[in-house]
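The structure under discussion appears below in the form of C-alpha cells.
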Amino acid sequence: MHLKVGVVPGIDVGLLDIAIEKGYFKDEGLELDLTDVQGPQVVTGVVSGQFDLAYAAYAPPLLALASGTKLKVVSGLATIGAEGHNGGTLVRSDAGISRWKDLQGRTVAATSPRSLTALTLQAAINKAGGDPSKPVKIVPLPQAQVARAVSEGTVDAAAVAAPFDVQGTEQFPNLKILGDSTAFVLPEGSAYTGFFTTDKVQGSMGDAIKAFQAGMVKAVEYGNANPKEVKLKGAARAGLDEAQALTLPDSHFSVDVDAASLQILVDAMVQQKWITKAPDLASFVTG
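Okay, so the sequence shown: first residue is 9 according to this note's numbering, each after it adds one.
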C-alpha cells in the first residue's frame, strides 16, 4: 500500500520523518511519499487527487469543509500548548499597544490572511472587548521578514510562530511580545494540526488509511517521549538550524480530534465572516 501525503512544512513534521525511518508505517504494510506544500494548496492538492492525505493546521480544511468540500480527519498530530508555546504577536514597545484590544483596526503581518494565526489573533481581540466591526488588516509576509517590518513601522504588529517571536525581540530591541493569541483563545491540549483526506479516498483506500492511523499511534507515543529528537529532525523543514529548533517549546502530540475542540475555531470563522454557516464537524472528525 502507498499514500501520497502533502505537508505544510513545520517542526512537528519531523515526527513523521522519524516514524518513517523507524518503520512504523512499513510494519503496517504502508509506504509514504511526502511532499512539502504551502497554505491553501494543501487542500486543493487533496481535492484534486495530487495527494491522498494532507497535513496542516485546521483552518484550511475547515474553510473548505464550510464551502461544501467533503473532508475527513485521519489523525491529529500537534495540540495547543500553554501560553508562549504557540508563537506570539510582536509590537513596538513605544506603539501604545499593551492589550489585545489595542490592535483593533491595525495593520498586522502574518503568513496568510486565512491562517490559524490570523484567525486566533482577531478572535483574541474580540474576546478582549475589541470591536468586531474594526478588524485588523492582514499583510502577508514571510515569518523571517515580519520583525523588521514591525520595527520599522511598515506594519503595527506581526503574528508569528516560535521561535520568530523571541528572535524578533533579540534582533530588534524596540520590539516586545504582546502575547500568545492562540493560547488566549484556545484551550491547552485542544486540536491544532492534523491529517485529513477526502470522502472518496477514505472509501477507496480504507485499508491504507487504517495502516496510517496505526503507524501514527506509535509515532505519537514516541514523539511525546522524545521531543528533542522531533525538533532536531524537523529543523530543516521549519527553515531553522538545529540550535534554533532546540529553543522551541516541546510539542505535545495526540492522534485524537473531537468536534468540540474545533468548534471554537468554527465560531471564530463565523464571527469574522470567513464563513457564513458552520460545517458539520461531527461528520468531519468521524470516519
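Even for Gly, the Cβ is constructed at its ideal location relative to N, Cα and C. Just so it is clear, the structure is predicted and the values come from calculations on it, not from any experiment.
Rounded to the nearest angstrom, how far is the Cβ of residue i from that of residue j, given a contact under 8 angstroms?
i: V265; j: A199; result: 5 angstroms
i: S259; j: A86; result: 5 angstroms
i: A62; j: F204; result: 6 angstroms
i: V82; j: F220; result: 6 angstroms
i: S262; j: V228; result: 6 angstroms
i: G242; j: V50; result: That belief does not hold up - the Cβ atoms of G242 and V50 are roughly 17 angstroms apart, past 8 angstroms.
i: A155; j: V163; result: That pair is no contact at about 10 angstroms.
i: S101; j: L186; result: No, S101 and L186 are not in contact; Cβ-Cβ is about 10 angstroms, not under 8 angstroms.
i: V54; j: T206; result: 6 angstroms
i: F172; j: Q151; result: 5 angstroms
i: W108; j: G138; result: 7 angstroms
i: I105; j: A246; result: Wrong, their Cβ atoms sit about 28 angstroms apart, outside the cutoff.
i: G223; j: E36; result: 5 angstroms
i: L79; j: F292; result: 6 angstroms
State the DSSP-derived secondary structure class of residue i, mapped to helix, strand or coil.
i: A170; result: coil
i: D207; result: helix
i: G202; result: strand
i: T43; result: strand
i: T52; result: helix
i: G14; result: strand
i: A64; result: strand
Between which two residues does the alpha helix (DSSP H) harbouring residue i extend?
i: R100; result: Not the alpha helix (DSSP H): R100 falls in the beta strand (DSSP E), residues G96 to R100.
i: E237; result: P235 to G242
i: L79; result: Premise fails: L79 lies in the beta strand (DSSP E), L79 to G84, not in any alpha helix (DSSP H).
i: V263; result: Per DSSP, V263 belongs to no alpha helix (DSSP H) and is neither H nor E.
i: F292; result: L289 to V293
i: D22; result: The residue you asked about is not Asp; residue 22 is Gly in the sequence shown. Per DSSP, G22 belongs to the alpha helix (DSSP H) from G22 to E29.
i: Q280; result: Where Q280 is concerned, there is no enclosing alpha helix (DSSP H), given that its DSSP letter is neither H nor E.
i: A251; result: E250 to L254
**Message:** Three or more C-beta pairs under 8 angstroms: does that hold for the region 111 to 125 against the region 159 to 169?
**Reply:** These segments touch.
**Three-pair Cβ contact test at 8 angstroms for the region 9 to 21 versus the region 34 to 47** = The region 9 to 21 makes contact with the region 34 to 47; the number of CB pairs closer than 8 angstroms reaches 3 or more.
**Message:** Any contact between the region 187 to 197 and the region 126 to 143? By contact I mean 3 or more CB pairs, one from each, below 8 angstroms.
**Reply:** At 8 angstroms Cβ cutoff, the stretches touch.
**Request:** Quick one: which unbroken beta strand (DSSP E) runs of 3-plus residues sit fully inside the region 106 to 191? Chain order, please.
**Result:** The region 106 to 191 contains these whole beta strand (DSSP E) runs: 115 to 118, 145 to 148, 165 to 168 and 183 to 187.
**Asked** Taking contact to mean at least 3 C-beta pairs separated by less than 8 angstroms, is the region 273 to 290 in contact with the region 204 to 218?
**Response** The region 273 to 290 vs the region 204 to 218: no contact.
**Request:** Taking 8 angstroms as the threshold, find out whether the region 19 to 33 comes into contact with the region 238 to 250 through three or more Cβ pairs.
**Result:** Under the 8 angstroms Cβ criterion, the region 19 to 33 counts as touching the region 238 to 250, having at least three qualifying pairs.
**Prompt:** Is there contact between the region 263 to 280 and the region 64 to 71, where contact requires at least three CB pairs shorter than 8 angstroms?
**Reply:** The region 263 to 280 vs the region 64 to 71: in contact.
**the region 249 to 257 in contact with the region 103 to 114 per 3-pair CB rule at 8 angstroms** = No, the region 249 to 257 does not touch the region 103 to 114.
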